[in-house]
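Taking it in order: structure first as structure tokens, then the write-up.
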Amino acid sequence: MRYPSLSAVLANVGAAARRSLLVLLLGCLLPIQSGRADEPRFNETELKAAYLYNFAYFVNWPAANKEFLFCSYANSPVTGILAQLIEGERVHDQPIQLIIDPVPAQLHECQVIYIPAQQERILAATLEFVRPFPVLTVSDIADFEHRGGMIRLANDGPRIQPVIQLKNVTRTGLTISSKLLRSSRLLE
Amino acid sequence: MTEFMANKFKSAGKNQRIALFCIALQTVDTAGADDTLSHLKTLSLQELSATTVSIASKNQQPISETPSAVFVISHEEIRRSGMQSIPELLRKVPGLEVARVDANQWAISSRGFNGINANKLLVMMDGRTVYDPLNSGVYWNEHDYPLEDIDRIEVICGPGATLWGSNAVNGVINIVTRSAQESQGVLLSGGTSKEEPGFGTFRYGGRLNPDFNYRVYGKYNHREDFHFGNGDKANDSLDMGRAGFRSDWTPDARKNLIVQGDYFNGDMQQSLNSLDPVNPITADNAKKYGGNLLLRWQQTLENDSRLQIRSYFDHAVRNHSRLDYRRSTFDLDLQHDFSWQAHNVTWGAGYRFNSDQLEQKQVLLRFDPSQRDVHLFNVFAQDEWRFLEDELRLIYGSKVEHNDFTGFEIQPSARLLWMPNRQHSMWGAVSRAVRVPARVDHDLNVLFNVGPGTTANVIGDDNFDSESAITYELGYRFFPSDAFTLDTTLFYSDYGRLSTTEPQTPIVNGENTTIPFLIANKANGETYGWETALNWRVSERWRMQGSYSLFAIALHQRDGSLDSAATVAEGNSARNRFNLSSYFNLPYQLEFDAHWYYTDHLINQVRAYHRLDLRLGWQPNLHFELAVGAQNLLDNRHLEFSPYLDNAVISSEFERNYYLKATVRY
Chain A
98 MRYPSLSAVL ANVGAAARRS LLVLLLGCLL PIQSGRADEP RFNETELKAA YLYNFAYFVN
158 WPAANKEFLF CSYANSPVTG ILAQLIEGER VHDQPIQLII DPVPAQLHEC QVIYIPAQQE
218 RILAATLEFV RPFPVLTVSD IADFEHRGGM IRLANDGPRI QPVIQLKNVT RTGLTISSKL
278 LRSSRLLE
Chain B
10 MTEFMANKFK SAGKNQRIAL FCIALQTVDT AGADDTLSHL KTLSLQELSA TTVSIASKNQ
70 QPISETPSAV FVISHEEIRR SGMQSIPELL RKVPGLEVAR VDANQWAISS RGFNGINANK
130 LLVMMDGRTV YDPLNSGVYW NEHDYPLEDI DRIEVICGPG ATLWGSNAVN GVINIVTRSA
190 QESQGVLLSG GTSKEEPGFG TFRYGGRLNP DFNYRVYGKY NHREDFHFGN GDKANDSLDM
250 GRAGFRSDWT PDARKNLIVQ GDYFNGDMQQ SLNSLDPVNP ITADNAKKYG GNLLLRWQQT
310 LENDSRLQIR SYFDHAVRNH SRLDYRRSTF DLDLQHDFSW QAHNVTWGAG YRFNSDQLEQ
370 KQVLLRFDPS QRDVHLFNVF AQDEWRFLED ELRLIYGSKV EHNDFTGFEI QPSARLLWMP
430 NRQHSMWGAV SRAVRVPARV DHDLNVLFNV GPGTTANVIG DDNFDSESAI TYELGYRFFP
490 SDAFTLDTTL FYSDYGRLST TEPQTPIVNG ENTTIPFLIA NKANGETYGW ETALNWRVSE
550 RWRMQGSYSL FAIALHQRDG SLDSAATVAE GNSARNRFNL SSYFNLPYQL EFDAHWYYTD
610 HLINQVRAYH RLDLRLGWQP NLHFELAVGA QNLLDNRHLE FSPYLDNAVI SSEFERNYYL
670 KATVRY
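Protein sequence lines correspond, in order, to chains A and B.
Following the working numbering, the numbering of the first sequence begins with 98 at its first residue and continues without gaps.
Following the working numbering, the numbering of the second sequence begins with 10 at its first residue and continues without gaps.
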């Protein structure tokens, strides 16, 4: 048996009532805290953050700013990973910065805004604020591309795939590199 | 920190400062995580789109790939519903029957057999079972949560016993709360309505370090009395306070420990039929309190298999005028998922211990024995076998359970899913599920007044067996785009050994006659129906949602049954129900939402009713939200359920309601 602890747990189940919760849980947990994967593998949060990071390089903004600004929201685990990915990085010689929970007046300064599913309640208002500006809007909300959004990070089976609503992107003067277009699903 | 970041600090609000501080903390991270991240950074776009997610997320299985009738109420739908309680939120789910019995009680069931103690539906909060082992029913007025921290409510109509076990006969509801990381900061919400003059929630979410997040909350509700049909005030008010916490510890992306707990304490009233001909209605004031503590460990093992260990302790006390009840439950579950070639296997085992104590306060109601310990064991396995490049999937498995009343119970199921392309999927299923006996079925002894000088005495029987059901389902889903989905299910269920109360020889004592009734399994029955749900993003600003349910039921007394009320359940379900919801975003951060519900008449003396709810919401920024709304706009009040002879509760009527609610988040 690959995990001897499992059979031990099964054998113990009958006796569970007579044992304390703590002892039993520890008995289950300790032996299996072993293996670590040989090659790094990534979870959904990490893959979404990596896409956001890549968008900085594969999207062209009509005017250059002093720095490259990501905007995101605190209640999403993606934000924390993104902060670590951009730490000390530069895009086209601009330093990258991250604003968390931007106020409406800051929104149009962002190059990329990520609106996580956890913040769906402010989606409509945020898109309204940035509509006239060349701001790349990204989200993992299910019907984002039909609500005025540009790129949705969609679950495609076990993979994460960008779904790009081209008409919303080109309207604001943003251009997307062919490399990103090739690895995405496109809607017009 | 760069100068720019410092500037942002100044211009940012308080919670931005907190967030930036946390990010600063996060960047000082361990070496292992750094390796993963630096590798992540080097991935090309092509490699990114080819990488498979190693850890199943909570939403990984899309509804389109689920071979059962699933409906999910999302966080956003909860917020825009205008509802203030979990049971009211369930009204829009096709297949679920939701009826308000009085100001603080509901009759909720899936696919028939509705009642205050409807017993063929399994309800869980974050995996903790909340149906009560006393009568297999759910005390809806005890279960609540800050609605802002509920991530979603998942509903499966139809049997789910293979994975979830006994009582998941006709449906499973799982209320899933947000992780502590997703509920950071201060949340204050409060309001007033005609029905609830005062309600308020406080939550604070914080983090001790990047891997350890927590939240604590408190919630208070006061509900006013409803009125009876004749206009008299009912005794059914509620005062309920609750508090709780949840902590999420994620030492790395492959491990996760959740510890959470809740405590509630409240007073609630109900109006009961009494034996006294002078005062036929008595007020029952109940004091209820209880709490729970739950631990869940999830780990992804090196071969990408997943292990979950969950354990909880739950305690509840109910002090009624007729009975005092206290119960303790301990539960331990283990689940392991792994892939092998074209198979995804889920297997596991569980143990549950229930101990209760019932103290008789009046001659009318008692349990024999008054104290009972019940042990429940189970093992289960389910395999998802994928054919033809995942186009066809066969999911089969069984649960084997042992309980103290009926011994071993086997609950198998087989499901087939066919997904010819991205736009269509079809599924079919055959499953068996049982409702195992509860305390009431074996140990109840209750007296009812059924006429002048005549008393019915309903008595539990130790020979009472499990009720069983075999269900056949067919489903079709059409999703031409992410903006439109249509989900349809047809079902037929065949029930055996349904519960009846069999009259025995009357006992005459002077002018008084007592008719004993013994609880038995002397009815069969069939149900069939059609459930459909529609979701349509009409435009960027406008979304529509609709559902329709058709339901029919036929129950039959078995040979030798004398229970003329055996078929009462036929009268407690509506034949037709529908819901139409519209979510509209207006300029100036305004939202206008409308919800229309229709429920057909019930044979048991409830007329058909329409209910229209309107809501206007305003969110000027991330931190503030104001909502005003009206519920049940179309009539002054209406009756939704009428408990039958076997339940002494007298129902009151659901009234027109106006509310005002403000929410502040920082």
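The beta-carbon is built from N, C-alpha and C at its ideal position, and this holds for glycine as well.
None of the values given here were measured: they were computed from a predicted structure.
{"query": "Within a Cβ cutoff of 6 Å, which residues of the same chain sit near B/Asn265, ignoring the five residues on either side of it in sequence?", "result": "Thr259, Gln307"}
{"query": "Name the one or two DSSP bridge partners that B/Pro525 has.", "result": "B/Asn466"}
{"query": "Would you kindly check if the distance between the Cβ of B/Asn113 and the Cβ of B/Leu683 is under 7 Å?", "result": "This structure does not reach residue 683 of chain B, given that chain B is present from 10 up to 675, and the question cannot be answered."}
{"query": "Let's see if you can read the secondary structure: which residues bound the beta strand (DSSP E) around B/Asn222?", "result": "221-232"}
{"query": "Taking only the alpha-carbon atoms, compute the straight-line gap between A/Leu149 and A/Val266 and give it to the nearest angstrom.", "result": "15 Å"}
{"query": "Residues of chain B with CB under 8 Å from A/Ala273, in chain order?", "result": "It should be pointed out that residue 273 of chain A corresponds to Ile in this sequence rather than to Ala. Under the 8 Å cutoff, chain B gives no residues; its nearest Cβ is about 11 Å from A/Ile273."}
{"query": "I want to see whether chain B comes within less than 7 Å of A/Asp190, judged by CB atoms only; does it?", "result": "no"}
{"query": "Check whether chain A comes within 7 Å of B/Arg448, counting only Cβ atoms and requiring the distance to be less than that.", "result": "no"}
{"query": "Could you check the C-alpha separation between B/Leu54 and A/Ala251 for me, to the nearest Å?", "result": "15 Å"}
{"query": "From what residue to what residue does the beta strand (DSSP E) around B/Leu648 run?", "result": "Unbroken run through B/Leu648: none, as it is neither H nor E."}
{"query": "At a Cβ threshold of 7 Å, is B/Asn430 touching chain A?", "result": "no"}
{"query": "Would you mind listing the beta strand (DSSP E) stretches within the stretch 258-319 of chain B that are 3+ residues and don't spill past its ends, in chain order?", "result": "264-282, 290-309"}
{"query": "Quick one: Cα of B/Leu34 to Cα of A/Asp198, how far?", "result": "Low confidence applies to B/Leu34: its pLDDT is 34, below 50, so where it sits in the model is not reliable enough to give any reading."}
{"query": "State the beta-bridge partners of B/Ser558 as determined by DSSP.", "result": "B/Glu540, B/Arg586"}
{"query": "Does the beta carbon of A/Glu217 come closer than 7 Å to any beta carbon on chain B?", "result": "yes"}
{"query": "Measuring CB atoms only, is the stretch 97-108 of chain B touching the stretch 210-228 of chain B, in the sense that at least three cross pairs come out at less than 8 Å?", "result": "no"}
{"query": "Please report the distance separating the alpha-carbon of B/Ser47 from that of A/Gln208.", "result": "23 Å"}
{"query": "Quick one: which chain B residues come within Cβ less than 9 Å of A/Gly245?", "result": "Glu549, Arg550"}
{"query": "Do B/Asp470 and B/Ile516 come within 7 Å of each other at the CB atom, strictly closer than that value?", "result": "no"}
{"query": "Does the beta carbon of B/Arg212 sit closer than 7 Å to a beta carbon anywhere in chain A?", "result": "no"}
{"query": "Kindly indicate the opening and closing residues of the beta strand (DSSP E) around B/Trp115.", "result": "115-119"}
{"query": "Does the distance from the C-beta atom of B/Ala532 to that of B/Leu495 stay below 7 Å?", "result": "no"}
{"query": "Report the rounded CA-to-CA distance for B/Phe417 versus B/Val195, giving the unit in angstroms.", "result": "49 Å"}
{"query": "So what's B/Glu163 in DSSP terms, helix, strand or just coil?", "result": "strand"}
{"query": "Is the beta carbon of B/Glu579 sitting closer than 7 Å to the one on B/Leu564?", "result": "yes"}
{"query": "So is A/Ala161 in contact with chain B if we call contact Cβ pairs under 7 Å?", "result": "no"}
{"query": "Taking CB distances under 7 Å as the criterion, tell me whether A/Gln181 reaches chain B.", "result": "yes"}
{"query": "Would you say B/Glu85 lies against chain A (beta-carbon separation less than 7 Å)?", "result": "yes"}
{"query": "Taking A/Pro255 as the query, report the chain B residues whose CB atoms sit under 7 Å from its CB, ordered along the chain.", "result": "Thr61, Val62"}
{"query": "For B/Phe389, count neighbouring Cβ atoms within 10 angstroms of its own Cβ and tell me buried if that reaches 16, exposed if not.", "result": "buried"}
{"query": "In whole angstroms, give me the CA-to-CA distance for B/Asn645 and B/Thr497.", "result": "34 Å"}
{"query": "Between the Cα of B/Glu151 and those of B/Ser198, B/Tyr213, B/Ala252, spot the shortest distance and give me the residue it belongs to.", "result": "B/Ala252"}
{"query": "Is B/Glu191 close to chain A, meaning its C-beta is less than 7 Å from at least one C-beta of that chain?", "result": "yes"}
{"query": "With 16 as the cutoff for other CB atoms within 10 Å, does B/Gly240 come out buried or exposed?", "result": "exposed"}
{"query": "Kindly indicate if chain E contains any beta-carbon less than 7 Å away from that of A/Leu233.", "result": "Looking at the structure shown, chain E is missing, and the protein chains on hand are A and B."}
{"query": "If contact is defined by three or more beta carbon pairs under 8 Å, each pair taking one atom from either stretch, is the stretch 425-445 of chain B in contact with the stretch 468-487 of chain B?", "result": "yes"}
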